[in-house]
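Residue 62 in the UniProt record's numbering sits at position 62 of the sequence shown, with consecutive numbering throughout. Ideal placement from N, C-alpha and C gives every residue a C-beta, glycine not left out. Down below is the structure, laid out as C-alpha cells.
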Amino acid sequence: MIYRSVLQKAFRRCAKTAVHKPHLSSMAPLSSAVPPPPTKGEMLSRQKELPPLPLPPLKETVDKYLHSVQPYLTPDELNVTKKLADEFVAPGGVGETLHKLLAKRAAKEDNWLSGWWLKGAYLGYRNPVVVYSSPAMVMPRQEFRSPKDQLAYTASLIQAVLDFKAHIDNETMSTEVQGTAPLDMMQYKNIFASCREPHLPLDKLHLAKDSRHIVIAHQGNFYEVTVYSNGEQLKTEQILAQLQQIIEDSHRRGKGHQVGLLTTWHRDLWANSFARLFENPTNRASLATLRDAIALVCLDDPLKDVHLPWESVAAHQLLDGGIDGVNAGNRWCDKTIQLIVGVEGNVGILYEHSPAEGPPVANLVDFCVKQASIWPLPAKDSPCKPKHLEFIINKTIEDDIEKARSDLKTLTNDLELNLYSYEKYGKDFVKSCNLSPDSFIQMAIQLAFYRAHQKPGACYETATLRRFLGGRTETIRSCSQESSDFCSKFLDLETNAKVKAESLRKAVTAHKAYTNMAIRGQGVDRLFFGMKMMAAEANIQIPSFFFDKAMVVSTHFRLSTSQVPAKSRSVMFYGPLVPDGYGCCYNPMNNRILFGLSAFKSCATTDLSRFRDCLEYSLNVMGDYLRAESITSKL
C-alpha cells in the first residue's frame with residue numbers, strides 16, 4: 001500500500017505540473033508535436049506525412065501483456081493476473097473509463113504521450129542524470145603525442161560539430177526512414193543550444209534561439225567561446241587560438257570552484273543549490289551563458305593511474321568523470337551535448353537524454369569521427385576572445401559541492417563498466433541466415449542472463465516511435481515465452497541441435513513481431529503509462545491491475561538494452577535501470593558487435609564479468625548452431 005501511495009503521488013505530480021509543453025527560454029519549438037518551421041532543405045520536407053501517435057486498443061494490449069508475463073509466473077499466479085485483467089477491461093470498468101479519457105486526449109493532440117513522457121521519464125525523474133539517465137558514447141581513441149595535439153584535435157572536433165549543426169540549421173540532412181516510412185526529424189533541432197535546468201518538483205528544458213557560442217571547460221573553469229563572426233563560422237585555426245588562450249588562463253587561475261559537480265547531484269538537492277546560486281547576479285549571468293551554449297567542450301586533466309583496460313577507463317571518464325570522479329567538476333551535466341577530450345586520447349560525448357534519443361547523437365558521433373583530425377595547424381588570431389565565467393561561491397555552496405562530490409564518488413566507485421567487442425561475426429552473418437540482427441542479439445542477451453542467473457530476465461529494449469509526429473519511444477519486451485523456451489532448450493544437454501536451432505528461430509521471429517508492433521505504436525508499456533498518468537490527472541485511484549505481481553516483476557527491468565548503431569567503432573554506455581540489473585547497449589557492425597555493459601558492484605546477485613562471459617558464450621554457440629544448420633540444409 002505504501003508503494004501504491006507513492007506511485008499515485010508521483011504520477012499526479014507529473015500529470016498536473018506544467019500541462020503539456022516543456023518550459024522554453026525562447027520561441028523555438030522543442031517538441032516535434034509543435035508544427036515545424038517552413039522547410040529549407042529536404043530534412044523536414046516529409047514532416048507533414050507523419051501521422052499522430054495511435055492509441056492502442058485496450059483489450060488487445062492487455063492480451064499482449066498477459067502473453068509477455070508468462071515467463072515470470074506460476075500457473076496459479078497467472079490465473080490471478082488474468083482475473084485482475086478481466087476486471088480491468090470489463091465494460092464500464094476503470095480500464096475502459098481511462099481508455100476513453102485517453103481517446104479524448106488523443107483526439108485533441110498530435111501526440112497524446114510525448115508531453116507526459118518528457119515530464120514522467122525525464123524532467124520529473126529525480127535521481128542524478130549521471131549514470132541513471134544520461135548516456136555516454138565512446139569514440140575511437142586518439143593518439144595525442146603532446147597537449148598541442150589535444151588542442152588541435154579539439155579545434156577540429158568543434159569545427160565538425162558546427163558543420164553538423166549547419167546541416168541541421170539549413171535542413172540539408174536527408175530525411176531518415178524506417179522501411180519506406182519517414183521519421184520525425186525534429187529531435188535533431190533539439191540537441192544543440194538546449195539545456196535542462198533543475199527545479200522543484202519538475203525540471204525545465206530550455207532551447208536557446210540563435211546561440212553563437214560554446215563553452216569550454218578546463219580544470220573546472222568555464223569559458224565562453226564565440227564561434228561565429230559576422231554570420232560566419234570561425235576557422236579551425238581561430239578556434240585553436242582561443243583554446244590556447246583558455247589553457248594559459250586556466251593554468252594561471254588554477255582549479256576552479258568545481259561547481260559543475262552540482263549538476264551530477266540528486267535533482268532535488270541540485271535544484272535547491274541552483275536556487276542559491278541564482279540569487280547572485282554574477283552567477284545568474286554565468287548560468288545563462290552555460291544554459292544557452294551550443295554545446296559544452298570538456299578538456300580533461302590526466303586521469304589517475306588505474307589498472308583497467310583503456311576502454312573501461314574511457315567509459316568511466318565519459319559517463320561519470322572518471323574513477324573517483326576525477327574530472328566530474330569539469331562538466332555541466334545539464335547540457336544536452338558535452339564533448340569530452342582527455343589528454344590521454346579518450347574522446348566521446350555525454351548527452352542529457354531529455355530532448356532526444358540516441359540515433360541523432362550517434363549520427364553526430366559518426367560525423368565527428370569522419371571529420372575531426374589531429375592535423376597540426378598554426379593558430380590564427382581570432383576576432384573573438386574567450387571570456388571566463390565567474391561564480392561567486394559562499395560557504396553553503398562550497399558544502400553542497402563537497403556533498404555532491406562525495407555522493408558521486410560513492411556512485412562511480414560502485415559502477416562497473418565493460419566495453420566488449422565481439423569479433424567472430426557481425427550483422428552480415430546474421431542477415432545471411434535470414435534473421436534480424438537486432439532480434440538475434442536480443443536472444444543472445446536473454447541466453448546470457450538465463451545462463452548467469454538460471455531464470456529469465458525482464459528486458460527493456462528501446463523502440464523508436466519517430467514514424468509518428470513527436471514520437472519518442474516504446475518498450476520492446478524482449479523476454480517472452482518463446483525466448484524462455486529457447487534459453488531452456490539451448491542449455492539442456494539432452495536437446496538435439498535441430499530443436500535448438502528451431503527454438504532460436506522461433507524466439508527471433510517472436511521478438512521481431514513484437515518489435516514491429518512496438519514501432520507502429522501498438523506496444524504495451526506506453527499505453528499503461530498513459531493510463532496511470534490519466535488516472536492521476538483525473539484524480540482516479542490507480543487500479544490494482546498495475547500493482548499485481550506480474551506487473552511489478554515484468555517491469556523490474558534487470559536488462560536495460562538499446563541498439564544504437566554507428567558506422568564508426570563507437571559504442572554507447574549507460575547505467576542499469578535497477579540495482580540488480582545490467583545496462584547493455586550495442587552497436588551491430590558488419591563483422592563485429594560492440595557492447596557497452598554496466599552493473600553495480602554492490603549487488604550480490606549481479607556479476608558483470610560473468611555476464612560478459614555468458615554473452616560471449618551465447619554468441620558463440622548460437623553462431624555455431626546456425627552454421628551447422630546451414631551445412632545440414634545443403635546436404
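Inset, instruction - For A458, collect the residues of the same chain with a Cβ closer than 6 Å to its Cβ; drop the 5 residues on either side in sequence, then sort them by chain order. - result: Around A458: C479, S554, H556, F557 and R558.
Legend entry - Bounding residues of the alpha helix (DSSP H) (the contiguous stretch that carries G41): Run containing G41: none; DSSP gives neither H nor E here.
Inset, instruction - Under the assumption that S134 contacts E352 (Cβ atoms under 8 Å), give the Cβ distance between them as a whole number of angstroms. - result: 5 Å
Legend entry - Endpoints, the alpha helix (DSSP H) within which F278 is located: R267 to F278
Inset, instruction - From the DSSP output, in three-state form, read off H257 for me. - result: coil
Legend entry - Element boundaries [alpha helix (DSSP H), containing Q159]: P147 to D169
Inset, instruction - With I397 as the anchor, note down where its alpha helix (DSSP H) starts and where it stops. - result: That run of the alpha helix (DSSP H) goes K395 to D414.
Inset, instruction - Evaluate the contact criterion for the region 351-367 versus the region 308-321: three or more CB pairs, one atom per stretch, below 8 Å. - result: Not touching, per the Cβ criterion.
Legend entry - DSSP state of M572 mapped onto helix, strand, coil: strand
Legend entry - Per-residue burial, S312 [other beta carbons within 10 Å of its own, 16 or more giving buried]: Residue environment: S312 is assigned as buried (16 or more neighbouring CB atoms within 10 Å of its CB, all protein chains considered).
Legend entry - Buried versus exposed call for L493 [16 or more other C-beta atoms within 10 Å across all chains shown]: exposed
Inset, instruction - Please go through the same chain and pick out, in chain order, the residues whose beta-carbon is closer than 8 Å to the beta-carbon of K59, but skip the five residues on each side of it. - result: V89
Inset, instruction - Take the Cβ of P392 as the centre, count every other Cβ of all protein chains shown within 10 Å, and call the residue buried at 16 or more, exposed below. - result: First, the residue type needs correcting, since residue 392 is Ile and not Pro in the sequence shown. Exposed: under 16 other Cβ atoms inside 10 Å.
Inset, instruction - Please confirm whether E390 and S286 have their CB atoms less than 8 Å apart. - result: yes
Inset, instruction - Within its chain, find whatever has a CB closer than 6 Å to the CB of D438; leave out the 5 residues flanking it on each side and keep chain order. - result: For D438, where only same-chain residues beyond five positions count, the Cβ hits under 6 Å are Q563.
Inset, instruction - Could you please give me the residues that DSSP links to F600 through a beta bridge? - result: L415
Inset, instruction - In the DSSP assignment, find the alpha helix (DSSP H) that holds P588 and state where it starts and stops. - result: P588 -> not in any alpha helix (DSSP H); beta strand (DSSP E) instead, spanning Y582 to P588.
Legend entry - Three or more C-beta pairs below 8 Å linking the region 139-147 and the region 195-214: no
Inset, instruction - Pick out whichever of Y582, A513, A566 and G530 has its Cα sitting closest to the Cα of K119. - result: G530
Inset, instruction - Report yes if the C-beta distance between L240 and A155 is below 8 Å; otherwise report no. - result: yes
Legend entry - Local Cβ density within 10 Å of D76, reported as buried at 16 or more and exposed below that: exposed
Legend entry - Rounded C-alpha distance that separates L615 from G575: 18 Å
Legend entry - Residue range of the unbroken alpha helix (DSSP H) whose run includes N190: Per DSSP, the continuous alpha helix (DSSP H) segment holding N190 begins and ends at M186 to N190.
Inset, instruction - Go to C459, then tell me how far its beta strand (DSSP E) extends in each direction, as first and last residue. - result: C459 to T464
Inset, instruction - With DSSP collapsed to three states, give me the class of A136. - result: In the three-state scheme derived from DSSP, where H, G and I count as helix and E and B as strand, A136 is classed as strand.
Legend entry - First and last residue of the uninterrupted alpha helix (DSSP H) at K104: Segment V94 to K108, the alpha helix (DSSP H) holding K104.
Inset, instruction - Leaving out five residues on either side along the sequence, give the residues of the same chain with a beta carbon under 6 Å from the beta carbon of D624. - result: none
Legend entry - Boundaries of the alpha helix (DSSP H) in which V361 is found, first to last residue: G358 to Q371
Legend entry - the region 392-406 in contact with the region 474-488 per 3-pair CB rule at 8 Å: no
Legend entry - Residue range of the unbroken beta strand (DSSP E) whose run includes K204: First-last of the beta strand (DSSP E) with K204: K204 to L207.
Legend entry - Rounded Cβ spacing between N418 and R612 (contact assumed at less than 8 Å): 5 Å
Legend entry - Straight-line gap, residue 637 to Q242 (C-alpha atoms, nearest Å): This structure cannot speak to residue 637, because the chain is shown only from 1 to 635.
Inset, instruction - Starting from the C-beta of L162, find all residues in its chain whose C-beta is less than 7 Å away, skip the five residues before and the five after it, and write them out in chain order. - result: V227 and Q233
Legend entry - D613, DSSP secondary structure in three states: Correct three-state label for D613: helix.
Inset, instruction - Please report the residue range of the beta strand (DSSP E) in which G348 lies. - result: V347 to Y351
Inset, instruction - Tell whether a beta-carbon distance below 8 Å holds between R331 and G260. - result: yes
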